[in-house]
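Colleague: When we follow our numbering, the leftmost residue of the sequence shown carries the number 21, and every step to the right adds one.
Each residue gets a CB set at the ideal place from its N, CA and C atoms; glycine is no exception.
Everything numeric in this text was worked out from a predicted model, so none of it was measured.
This is the structure I want to talk about, given as structure tokens.
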Amino acid sequence: MDVIVLGGGLMGTASAYFLSGRGVRVTLIERNRIGTGATVASFGNIRRTGRHLSQLPLAHRSLRLWGETENMLGRDVEFRATGHIRLIFDEGGLTDMRTYAKAARPWGLELQELGPREIHARFPRLGPEAIAASFSPQDGSGNPRLIAPAFAETARKLGAAIVEDARVEQIVRTDSGFLVATSKGRFAAECLLNTAGAWGARIAAQFGEEVPLDVRGPQMGVTEPLPHRILPVVGIWTRDKDHGAYLRQVERGNIVFGGAAERVQVDLEPGHATADPTHLSLQLRAVARLVPAIARVAVIRTWSGCEGYVRDMLPVMGRSATTPGLFHAFGFCGHGFQLGPGVGDAMAELMTTGRCETSLDDFRIDRFG
Ligand SMILES: Cc1cc2nc3c(=O)[nH]c(=O)nc-3n(C[C@H](O)[C@H](O)[C@H](O)COP(=O)(O)OP(=O)(O)OC[C@H]3O[C@@H](n4cnc5c(N)ncnc54)[C@H](O)[C@@H]3O)c2cc1C
């Protein structure tokens, strides 16, 4: 079996790796450089808390694989299971957390509830005014710069061809599969996997499949390095989007933060998302509620990234509904980083066996009617 994977972000590179591991001949075509789309811009949160329930089986599969990345890829991609804490400051947040925790339990996600005394004993620098928190000890973070190049490099060692800086000029369905004409030559394969991220809906549309997808950029920032004191990834349960911030401190000491601001507009061409400086003060105000010390720290960089948001906030994954041999995995709505390894593994299973042990039903491309 041979497969062309279109798009070399986390989803494309992980798929290339798992397909190659199953003996498939893979050609991965990326129009820029590997991992330079939404993936590199990611905050790096490997979080299951708050996910749509039907996404949890895929998230569990992915978390297991994140734990194996060092062995699998032969290098440390900085996956750290530091835990994920979400602070709560009001009764609305507490109700929402308890409702979610109860609903998520049958889906295999156990959230611990912490009271104020426990929060302050275990995490003394976090949320002095918090009334409670949820804690998920197995979650954590990874390095968004390392993961896609690591999957691509290991896929290459397993025999995959990785073609970068290739402008795709035409995709044609032939009697035996697909022909993709690019600025780097023509490639043919039996199957085509569309992992083109925010650009994925454009490719699906070429096969008569319309997906309601908006292109947006969440905004991130990072501070100067400080002594490493904050271990878990920190978020919040809140109904007020102006408070919806999150942060983590990397081992080198910088605090990365995001949330609490409108996502910026992005044009698919050229697909460069630019952070809006007017959002920064809003974000810092929200982050300071989680870690008050941030008020005295310098922000050294802000950025954004081009991400695809599907109308129902769920990705598109699985077989094409119009075209035999075509598969999709795109539109990860700002939460695909955690899912990446699981998506690659699940797509490779589906494409090589015709079945997938993890249900992908809710992510069907024809769900929009
Ligand atoms: C700022 C930001 C922060 C985020 N933070 C988190 C987080 O903390 N946790 C989390 O779980 N998720 C997070 N996400 C979401 C996560 O990063 C994405 O869902 C995930 O990286 C998507 O991976 P992808 O491979 O689908 O897309 P991408 O990484 O965008 O890869 C798609 C690739 O396809 C290429 N491409 C497009 N069209 C073509 C074509 N025609 N031919 C060839 N190649 C093509 C693009 O150049 C691109 O490299 C964040 C996203 C952003 C933008």
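Output yes or no for whether 8 Å exceeds the beta carbon distance between LEU134 and ALA349.
Modeller: If you number the sequence shown from 1, residue 134 lands on position 114. If you number the sequence shown from 1, residue 349 lands on position 329. Taking 8 Å as the Cβ cut-off, LEU134 and ALA349 do not qualify as a contacting pair.
Colleague: At a cut-off of 7 Å, is ARG51 close to ligand 1 when judged by its beta-carbon and the heavy atoms of the ligand?
Modeller: What you label residue 51 is simply residue 31 of the sequence shown in a count that begins at 1. Yes; taking the cut-off as 7 Å, the Cβ of ARG51 has a heavy atom of ligand 1 nearer than that.
Colleague: In angstroms, rounded to a whole number, what distance separates the CA positions of ARG67 and SER161?
Modeller: Residue mapping note: residue 67 aligns to position 47 of the sequence shown, counting from 1. Residue mapping note: residue 161 aligns to position 141 of the sequence shown, counting from 1. Approximately 8 Å between the Cα atoms of the pair.
Colleague: State the CB to CB distance for the pair LEU310 and GLY147, rounded to an integer number of angstroms; the pair is presumed to be in contact (CB under 8 Å).
Modeller: For the purposes of this step, residue 310 is taken as the residue at position 290 of the sequence shown. For the purposes of this step, residue 147 is taken as the residue at position 127 of the sequence shown. Confirmed, Cβ separation roughly 6 Å.
Colleague: Could you tell me which of VAL254, THR322, ILE385 sits nearest to PHE352, measuring between CA atoms?
Modeller: Within the sequence shown, the letter at position 332 stands for residue 352. Among VAL254, THR322, ILE385, the Cα nearest to that of PHE352 is on ILE385.
Colleague: Would you say VAL363 and VAL231 are within 8 Å of each other, going by their C-beta atoms?
Modeller: Taking the first residue of the sequence shown as 1, we reach residue 363 at position 343. Taking the first residue of the sequence shown as 1, we reach residue 231 at position 211. Not closer than 8 Å, so no.
Colleague: Considering only residues of the same chain and omitting the five flanking positions on each side of PHE383, which have a CB-CB separation below 7 Å?
Modeller: Residue numbering aside, residue 383 sits at position 363 when the sequence shown is read from its first letter. LEU334, PRO335, VAL336, MET337, GLY338, listed in sequence order.
Colleague: Ligand 1 and MET117: does any heavy atom of the ligand fall closer than 7 Å to the residue's C-beta?
Modeller: Numbered from its first residue, the sequence shown carries residue 117 at position 97. No; taking the cut-off as 7 Å, the Cβ of MET117 has no heavy atom of ligand 1 nearer than that.
Colleague: Residues in the same chain with beta-carbon distance under 6 Å from ARG84, minus the five sequence neighbours each way, listed in chain order, please.
Modeller: Counting from 1 along the sequence shown, the entry for residue 84 is found at position 64. Cβ within range, chain order: n/a, list empty.
Colleague: Would DSSP call ILE250 helix, strand or coil?
Modeller: Within the sequence shown, residue 250 is the residue found at index 230, counting from 1. DSSP, reduced to helix, strand and coil, places ILE250 outside both helices and strands of the structure shown, so it counts as coil.
Colleague: Within 10 angstroms of the Cβ of GLN190, are there 16 or more other Cβ atoms? Answer buried if so, exposed if not.
Modeller: Looking up residue 190 in the sequence shown gives position 170. That one is exposed.
Colleague: Using 8 Å as the threshold, is the segment 167-183 in touch with the segment 25-37, meaning 3 or more CB pairs across them?
Modeller: yes
Colleague: So, using beta-carbon positions, are ALA153 and ILE139 closer together than 8 Å?
Modeller: In the sequence shown, the residue the question calls residue 153 occupies position 133. In the sequence shown, the residue the question calls residue 139 occupies position 119. Contact: yes.
Colleague: Any heavy atom of ligand 1 inside 7 Å of the beta-carbon of LEU78?
Modeller: The residue labelled residue 78 in the question sits at position 58 within the sequence shown. It does not: the Cβ of LEU78 is nowhere closer than 7 Å to a heavy atom of ligand 1.
Colleague: Just checking ILE223 against ligand 1 - is the residue's beta carbon closer than 7 Å to any of the ligand's heavy atoms?
Modeller: For the purposes of this step, residue 223 is identified with residue 203 of the sequence shown, where counting begins at 1. For ILE223, the shortest C-beta to heavy atom distance toward ligand 1 is below 7 Å.
Colleague: Taking the DSSP output, what are the residues bridged to ASP234?
Modeller: Translated into the one-based positions of the sequence shown, residue 234 becomes position 214. Beta-bridge pairing links ASP234 to TYR329.
Colleague: Taking the Cβ atom as the reference point for each residue, do GLY27 and ALA168 lie within a distance shorter than 8 Å?
Modeller: Numbered from 1 along the sequence shown, position 7 holds the residue referred to as residue 27. Numbered from 1 along the sequence shown, position 148 holds the residue referred to as residue 168. ALA168 sits away from GLY27, with the two beta carbons spaced by 8 Å or more.
Colleague: In terms of residues, what are the limits of the beta strand (DSSP E) holding ALA221?
Modeller: Position 201 of the sequence shown, counted from the start, is the residue given in the question as residue 221. Premise fails: ALA221 lies in the alpha helix (DSSP H), 220-225, not in any beta strand (DSSP E).
Colleague: Is it buried or exposed for GLY291, if we count other Cβ within 10 angstroms and need 16 for buried?
Modeller: In the sequence shown, the residue the question calls residue 291 occupies position 271. Buried.
Colleague: Roughly how many whole angstroms lie between the Cα atoms of ILE256 and GLU210?
Modeller: Walking along the sequence shown from the start, residue 256 turns up at place 236. Walking along the sequence shown from the start, residue 210 turns up at place 190. When rounded, the distance between both Cα atoms is 46 Å.
Colleague: Anyone know if the C-beta pair for VAL183 and ILE49 falls short of 8 Å?
Modeller: For the purposes of this step, residue 183 is taken as residue 163 along the sequence shown, with counting starting at 1. For the purposes of this step, residue 49 is taken as residue 29 along the sequence shown, with counting starting at 1. For VAL183 and ILE49, yes; Cβs fall inside 8 Å.
Colleague: State the Cα-Cα distance for the pair ILE314 and LEU166, rounded to the nearest angstrom.
Modeller: The sequence position of residue 314 within the sequence shown is 294, counting from 1. The sequence position of residue 166 within the sequence shown is 146, counting from 1. Distance between the alpha carbons of ILE314 and LEU166: 27 Å.
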